[in-house]
Every structure is written in C-alpha cells, then in structure tokens.
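Q: Below you will find the structure I want to go over with you.
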Amino acid sequence: MNKTIFTKIICKEIPADIVYEDNMSLAFKDINPQAPVHILVIPKKPIANLDEGTEEDKTLLGHLLLIVQKIARKMGLDNGYRVVINNGNDGGQTVNHLHLHILGKRQMTWPPG
Ligand code: AMP
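Everything in the sequence shown is counted per the numbering used here, starting at 3 for the first residue and increasing by one.
Okay, structure coming up:
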C-alpha cells in the first residue's frame with residue numbers, strides 16, 4: 003500500500019510543524035489553515051478513516067479525543083473550538099489517514115460548507 007502524506011509525516015520523511023507526539027498519536031499544524039489555530043490530530047496506526055475504526059481501536063479513538071482536549075488547552079482555546087472529522091467522499095476527506103481537525107480562535111458558523 004502506498005504511504006499517505008500523513009504516514010510520511012509520522013515516519014519523519016517529510017517535515018511538519020509538530021505540536022504534540024506520543025506513542026499512539028501525533029498532532030501538527032495544518033499546512034492550509036482554515037482558522038488562526040488549525041491542528042490535525044492523527045493516530046500513528048494507519049486507519050484510513052473513521053469508518054475503518056474497529057472495536058479493537060476503542061482505546062485509541064478515545065485517546066485521540068483526549069489529545070484534542072489537551073492541545074486545545076495548550077493552544078489557549080478557552081473560548082471554544084470546533085473538532086471535525088471528514089469521512090469519505092461526501093465528507094470531503096482528501097487524505098486517507100484518519101485525522102481530527104481542531105479549529106479555533108475565530109467564530110465558527112453552522113451549517114458547515
Ligand atoms: P481532509 O480534507 O479532512 O482530508 O483534510 C486534510 C487536511 O490535511 C487538509 O486540511 C490539508 O490542508 C492538510 N494537509 C495536507 N497535506 C499536509 C501536510 N503536508 N502538512 C500539514 N497538513 C496537510
């Protein structure tokens with residue numbers, strides 16, 4: 003299977019502005035930010051998207067949400083923030099490695115585009 007751009011970032015084959023790393027996850031700044039703070043949180047395990055997560059990934063998926071909380075605090079997103087997971091074509095997913103977007107430091111609107 004071809005490595006995605008995010009797997010290359012995990013392997014440090016290509017650079018990224020990393021803001022957090024542990025044995026299960028990595029978080030880095032989005033290269034094309036849609037808000038003053040735009041961070042991507044990814045599992046190191048190459049899960050293609052949310053649909054591909056299984057019962058076996060329960061701890062990992064919960065971990066990712068707690069990492070979102072930790073990063074939001076670290077980034078000073080005290081006034082709130084948005085967490086987005088784009089899943090598949092209709093979801094607008096462009097990179098086939100599960101990732102959680104953290105968007106903050108601006109007022110979000112609803113519905114999303
Ligand atoms: P999605 O559309 O949900 O699949 O989001 C993919 C995100 O990855 C987009 O917001 C891109 O800007 C971001 N992205 C793509 N390549 C890189 C990269 N090399 N470093 C950081 N972010 C990236």
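Beta carbons are placed, not taken as given, at the ideal position from N, Cα and C, and that holds for glycine.
(1) So what's histidine 99 in DSSP terms, helix, strand or just coil?
(2) On the DSSP letters alone, give me the boundaries of the beta strand (DSSP E) that isoleucine 20 sits inside.
(3) Any contact between the region 87–97 and the region 11–22? By contact I mean 3 or more CB pairs, one from each, below 8 Å.
(4) With contact counted as at least three CB pairs below 8 Å, one residue from each stretch, are the region 106–114 and the region 63–71 in contact?
(5) If I follow the unbroken beta strand (DSSP E) through isoleucine 44, where does it start and stop?
(6) With a CB to CB cut of under 7 Å and the five nearest residues on each side skipped, what residues in its chain are close to tyrosine 83?
(7) Quick check on this structure: which residue in Leu102, Asn4 and Glu15 has the alpha carbon closest to the alpha carbon of isoleucine 41?
(8) What does DSSP give as the partner residue(s) for phenylalanine 30 in the beta ladder?
(9) Round the Cβ separation of histidine 99 and proline 35 to the nearest angstrom and send it over; I've been treating them as touching at under 8 Å.
(10) Taking CB distances under 8 Å as the criterion, tell me whether isoleucine 87 reaches chain B.
(11) So what does DSSP say about glycine 106, is it helix, strand or coil?
A: This is what the structure gives:
(1) coil
(2) 20–23
(3) Taking 8 Å as the limit for Cβ pairs, the verdict is that the region 11–22 does not touch the region 87–97.
(4) no
(5) 39–45
(6) Ala74, Ile104, Leu105 and Gly106
(7) Leu102
(8) Ile20 and Leu42
(9) Their Cβ separation, rounded to whole angstroms, is 19 Å, which puts histidine 99 and proline 35 out of contact at 8 Å.
(10) Among the chains of the structure shown, chain B does not appear; only one protein chain is present.
(11) strand
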